[in-house]
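2 protein chains.
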Amino acid sequence: MSTAHKKLYLHEVATRDGFQNEARFVDTDAKIALINRLSQCGFAKIEVTSFTSPKAIPALRDAEAVMQQITRVPGVIYTVLVPNLRGAERALLSGVDEVNLVMSVSESHNRTNLRMTREQSFAQLGDVAALVRQTEVAINVSLSTAMGCPMEGDVPAAEVLGWMGRFADLGVHGITLCDTTGMAFPSQVGELCRKANAAFPQLELTLHFHNTRGMALANTLAALDAGIDRFDASLGGLGGCPYAPGATGNVCTEELVHMLELDGYDSGVDLAAVLDAATLLPDLIGHDVPSQLLKAGRRLDLHPMPATAGDGIPEQRAFAQQGA
Amino acid sequence: MSTAHKKLYLHEVATRDGFQNEARFVDTDAKIALINRLSQCGFAKIEVTSFTSPKAIPALRDAEAVMQQITRVPGVIYTVLVPNLRGAERALLSGVDEVNLVMSVSESHNRTNLRMTREQSFAQLGDVAALVRQTEVAINVSLSTAMGCPMEGDVPAAEVLGWMGRFADLGVHGITLCDTTGMAFPSQVGELCRKANAAFPQLELTLHFHNTRGMALANTLAALDAGIDRFDASLGGLGGCPYAPGATGNVCTEELVHMLELDGYDSGVDLAAVLDAATLLPDLIGHDVPSQLLKAGRRLDLHPMPATAGDGIPEQRAFAQQGA
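Top line first, the protein sequences correspond to chains Y and A. Take 1 as the starting number for the first sequence in the UniProt record's numbering and just add one per residue. Take 1 as the starting number for the second sequence in the UniProt record's numbering and just add one per residue.
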């Protein structure tokens, strides 16, 4: 099955899922400048910020200012995370294209992360959906821990499909299956994506991977094989995981785009522009980023032959390095 | 196509491909102790060391002592890298099960890494093969830069197959296709593996990936899909790449085993034992290792619910973290 030129849709989430995990506050102007650069890169969607309590996530306390001051590029969907009715009202006033609601598929993670039972979350998000449906704004739901819960372990696919069904009944446009703490593995991803696509063909389905255990790109391959064409990713691989100190974050945008381009997909994203943007991150957040591609360069960023390369003169042979 | 319980063969290369890249000399006793632990982990093969010039690779200047003093476990193949006739003589005296010859598929990399033209390398390795064929010792050939050269760029599959054919004619038992600087991508890997398997069904074919651009596990999936059942990997992800300072190294053994086990393969390797061994590395080499799994733990190494998890009491909701 050829993948040549298959069109994909990439969503950049670094300024939300990335920055919310950073200790250092990124200046509002710097956020806006970064998002303006990202708007030129060819993403289908940018998750700009989160309209949550400034007490809960001080890193994103400037949500209104950022959302209102970015330069919006026609064709790019500007979405924001919204946890509740108050957040939705703020988001709608800021002129978002989409609200991204969130709850966890596992009870333990929902209670830990959102401090509510899942039923309480669902009721609250139902109120949000009812409000937003009165507008032109689209509704996406991100289902956290859809491929594993750090407290409960396996999350049955039936449970994921059940919650998808309940949100589909609320009239949402899309659902994102989130591997919140990097517990997904390829065969699981393939199976879940096939089931979800078959059960809800009317929903835009997005996959959201974290690279916590190194499998984000392998899981992406499995999702692609199952027909998925929408992926969240984070510039520089920002993201992190509160359960794994020092662990890497979301799947890295530039590494995802690099692989997809090599494999012949049309991601729509300009890899050189993304790499340029990623170089800004260490100064903004005050530390190195997980991105390997930023260190190694693209596959065909070639290196000169060193002046010491041998020409077959015997005495040079003794110094061979013999790596494989 | 079910992969359930398919038998795979994993080769641990950290004490060769990993240690040769380290600035700090790992004490001979520590090397022996680590290899003895690795011998208990279920690997099909362990690349113990390299019989090269101590001037070229001082980190492995104790090749004889290590090879002769390890406790060999029946069933495990103990192999060593051998660059030339002198190295082969030393290896045979040390009682190895296999010699692993090496040359690059690309002329520029061969001249840089081995200080010879490819034809000079091939002639020299022909002499080595002639010597080793007089013994019971097996011969493997590692073909470097088989999926890309950091100086030349793309390496045509036909070039790889051509060199495989010349070594097959020398009577070698196996060939390892090495993605020396992490330039391979999934669709390329699948195509090359299918061609190589079809052309040389009599050869044991091994894939050797580096994670330089984050694709090592994705490339492994592609190789598995193409029927490959042998993989090199390096404990902790040791390895590195001289062309990408700070970049990650070989595919990480524990991350590879973890993914393969989750996907239902029978790797033969005890993941808990491998993780235990990997915890020793930072002290041995004096720095952190690329392994993400060592930081994050296995997928089902679960975490307790924090005491602060909400039970739905409204005032707690304000502090929700709302990550996805």
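From the three backbone atoms N, C-alpha and C, an ideal C-beta is built for every residue, glycine too. Computed from a predicted model, the values in this text were never measured in an experiment.
Would you list the residues sitting across from tyrosine 9(Y) in a DSSP beta bridge? For the purposes of this step, residue 9(Y) is taken as the residue at position 9 of the first sequence. Bridge partners of tyrosine 9(Y): Arg230(Y).
Against chain A: residues of the stretch 147 to 172 of chain Y by CB proximity under 7 Å: Gly148, Pro150, Met151 and Gly153
Check each residue of the stretch 104 to 121 of chain Y: if its Cβ is closer than 8 Å to any Cβ of chain A, include it; give the result in chain order. Ser108, Arg111, Thr112, Asn113, Leu114, Arg115, Met116, Thr117 and Gln120
Less than 6 Å between C-beta atoms, sequence neighbours within five positions excluded: which residues of the same chain meet that for phenylalanine 209(Y)? Taking the first sequence and counting its residues from 1, the one referred to as residue 209(Y) is at position 209. If we look at phenylalanine 209(Y) and ignore the five residues flanking it on each side, its Cβ neighbours are Asp179, Ala216, Asn219 and Val251.
Where histidine 303(Y) falls: helix, strand or coil (DSSP): For the purposes of this step, residue 303(Y) is taken as residue 303 along the first sequence, with counting starting at 1. It is coil, neither helix nor strand.
Measuring alpha carbon to alpha carbon, tell me which of Ser267(A), Leu143(A), Arg118(A) and Pro58(A) ends up nearest aspartate 27(A). By 1-based counting over the second sequence, the position of residue 27(A) is 27. Taking only the C-alpha atoms, the option nearest aspartate 27(A) is Pro58(A).
Give me the Cβ distance between valine 132(Y) and aspartate 97(Y), rounded to the nearest whole Å; I'm assuming they're in contact under 8 Å. Residue mapping note: residue 132(Y) aligns to position 132 of the first sequence, counting from 1. Residue mapping note: residue 97(Y) aligns to position 97 of the first sequence, counting from 1. Contact flag wrong, Cβ pair sits at about 11 Å.
Take glutamate 47(A) and list the residues in its own chain whose beta-carbon comes closer than 6 Å to its own, dropping the five residues that flank it on each side. Sequence index remark: in the second sequence, residue 47(A) carries index 47 (1-based). Result list for glutamate 47(A): Val13, Arg16 and Thr79, in chain order.
Assigned exposure category for histidine 287(A) - 16 Cβ within 10 Å defines buried: The residue you call residue 287(A) lines up with position 287 of the second sequence. Histidine 287(A) is classed as exposed because its beta carbon has fewer than 16 other beta carbons within 10 Å across all chains shown.
Verify the CB distance criterion: does lysine 295(A) have a CB-CB separation below 8 Å to chain D? Among the protein chains in the structure shown, which are Y and A, there is no chain D.
Exposed or buried, which one is arginine 86(Y) when buried takes at least 16 other CB atoms within 10 Å? Within the first sequence, numbered from 1, the residue matching residue 86(Y) stands at position 86. Exposed, since its Cβ has fewer than 16 Cβ neighbours within 10 Å.
Sequence-distant residues of its chain with Cβ nearer than 6 Å to lysine 45(Y) (five each side left out): The residue given as residue 45(Y) occupies position 45 in the first sequence. Closer than 6 Å at Cβ, skipping near neighbours: His11, Ile77 and Thr79.
Out of Val189(Y), Ile32(Y), Leu92(Y) and Gln134(Y), which has the shortest C-alpha to C-alpha gap to glutamine 69(Y)? As a position in the first sequence, residue 69(Y) is number 69, starting the count at 1. It is Ile32(Y) whose Cα lies nearest to the Cα of glutamine 69(Y).
Can you list the residues of chain Y that histidine 258(A) reaches, using a CB-CB cut of under 7 Å? Position 258 of the second sequence, counted from the start, is the residue given in the question as residue 258(A). Chain Y residues near histidine 258(A): Arg213.
When the cut-off is 8 Å and only beta carbons count, does methionine 67(Y) lie next to chain A? One-based indexing of the first sequence puts residue 67(Y) at position 67. Output row for methionine 67(Y): interface = no.
Go ahead and label leucine 8(A) buried or exposed: buried means 16 or more other beta carbons lie within 10 angstroms of its beta carbon, across all protein chains shown. In the second sequence, the residue the question calls residue 8(A) occupies position 8. It counts as buried.
Grouping DSSP H, G and I as helix and E and B as strand, with all else coil, what is serine 144(A)? Here residue 144(A) refers to the residue found at position 144 of the second sequence. Looking at serine 144(A) - three-state DSSP - the assignment turns out to be strand.
For the alpha helix (DSSP H) containing glycine 126(A), list its first residue and its last residue. Here residue 126(A) is taken as the residue at index 126 of the second sequence, counted from 1. According to the DSSP assignment, glycine 126(A) belongs to the alpha helix (DSSP H) that extends over 118 to 132.
With 9 Å as the limit, tell me which residues of the stretch 262 to 283 of chain A have their beta carbon closer than that to any beta carbon of chain Y; keep them in chain order. Within the stretch 262 to 283 of chain A, the residues whose Cβ lies closer than 9 Å to some Cβ of chain Y are Leu262, Asp263 and Gly264, listed in chain order.
By how many angstroms is the C-alpha of arginine 111(Y) removed from the C-alpha of glutamine 120(Y)? The residue given as residue 120(Y) occupies position 120 in the first sequence. The residue given as residue 111(Y) occupies position 111 in the first sequence. Roughly 10 Å separates the two Cα atoms.
DSSP state of methionine 103(A), grouped into three classes? Walking along the second sequence from the start, residue 103(A) turns up at place 103. Here methionine 103(A) sits in strand by DSSP.
Apply the 10 Å Cβ neighbour rule to alanine 199(Y) and answer buried if 16 or more other Cβ atoms are within range, or exposed otherwise. As a first step, residue 199(Y) must be located in the first sequence, where it is residue number 199. The residue is exposed, with fewer than 16 neighbouring Cβ atoms inside 10 Å.
Nearest-angstrom Cβ-Cβ length linking leucine 281(Y) and valine 289(Y), presumed shorter than 8 Å: One-based indexing of the first sequence puts residue 281(Y) at position 281. One-based indexing of the first sequence puts residue 289(Y) at position 289. With a Cβ gap of about 5 Å, leucine 281(Y) and valine 289(Y) count as contacting.
From lysine 195(Y) to arginine 230(Y), what distance separates their C-alpha atoms? Taking the first sequence and counting its residues from 1, the one referred to as residue 195(Y) is at position 195. Taking the first sequence and counting its residues from 1, the one referred to as residue 230(Y) is at position 230. Taking the straight line joining both Cα atoms gives about 16 Å.
With C-beta atoms as the reference, is leucine 114(A) less than 8 Å away from serine 106(A)? In the second sequence, counting from the first residue as 1, residue 114(A) sits at position 114. In the second sequence, counting from the first residue as 1, residue 106(A) sits at position 106. The beta carbons of leucine 114(A) and serine 106(A) sit no closer together than 8 Å.
Contact set for leucine 192(Y): own chain, Cβ-Cβ below 6 Å, skip 5 residues either direction: Taking the first sequence and counting its residues from 1, one reaches residue 192(Y) at position 192. Excluding residues within five positions, the ones whose Cβ falls inside 6 Å are Ala157.
Continuous alpha helix (DSSP H) stretch holding threonine 279(Y): start and end: As a first step, residue 279(Y) must be located in the first sequence, where it is residue number 279. From DSSP, threonine 279(Y) is part of no alpha helix (DSSP H); its letter is neither H nor E.
Which word fits alanine 272(Y), buried or exposed, when buried means at least 16 other C-beta atoms lie within 10 angstroms of its C-beta? The residue given as residue 272(Y) occupies position 272 in the first sequence. So alanine 272(Y) ends up on the exposed side.
Taking the alpha carbon of serine 267(A) as the point to measure from, which residue in Asp29(A), Leu256(A) and Ala277(A) has its own alpha carbon closest? Taking the second sequence and counting its residues from 1, one reaches residue 267(A) at position 267. It is Leu256(A) whose Cα lies nearest to the Cα of serine 267(A).
Entirely enclosed beta strand (DSSP E) segments - the stretch 29 to 60 of chain Y, minimum 3 residues: 45 to 50
Quick one: what does DSSP say arginine 317(Y) is sitting in, helix, strand or coil? On the first sequence, position 317 is the one that residue 317(Y) refers to. Here arginine 317(Y) scores only 40 on pLDDT, less than 50, and its place in the model should not be relied on; the value that follows carries that caveat. It is helical.
Output yes if chain Y places a C-beta closer than 8 Å to the C-beta of tyrosine 243(A); else output no. Taking the second sequence and counting its residues from 1, the one referred to as residue 243(A) is at position 243. Taking Cβ atoms only, chain Y reaches closer than 8 Å to tyrosine 243(A), which makes this a yes.
List, in order along the chain, the chain Y residues whose C-beta lies closer than 8 Å to that of residue 367(A)? Any answer about residue 367(A) is impossible in this case: the structure gives chain A only from 1 up to 324.
Is the Cβ of leucine 235(A) closer than 8 Å to any Cβ of chain Y? By 1-based counting over the second sequence, the position of residue 235(A) is 235. So, not an interface residue.
So which residues on chain A does leucine 10(Y) lean against when the C-beta distance must stay under 9 Å? What you label residue 10(Y) is simply residue 10 of the first sequence in a count that begins at 1. The premise fails here: leucine 10(Y) is roughly 16 Å from chain A at the closest Cβ pair, so nothing lies under 9 Å.
Can you give, in chain order, each stretch of the alpha helix (DSSP H) that sits fully within the stretch 183 to 233 of chain A and has at least 4 residues? 186 to 199 and 216 to 225
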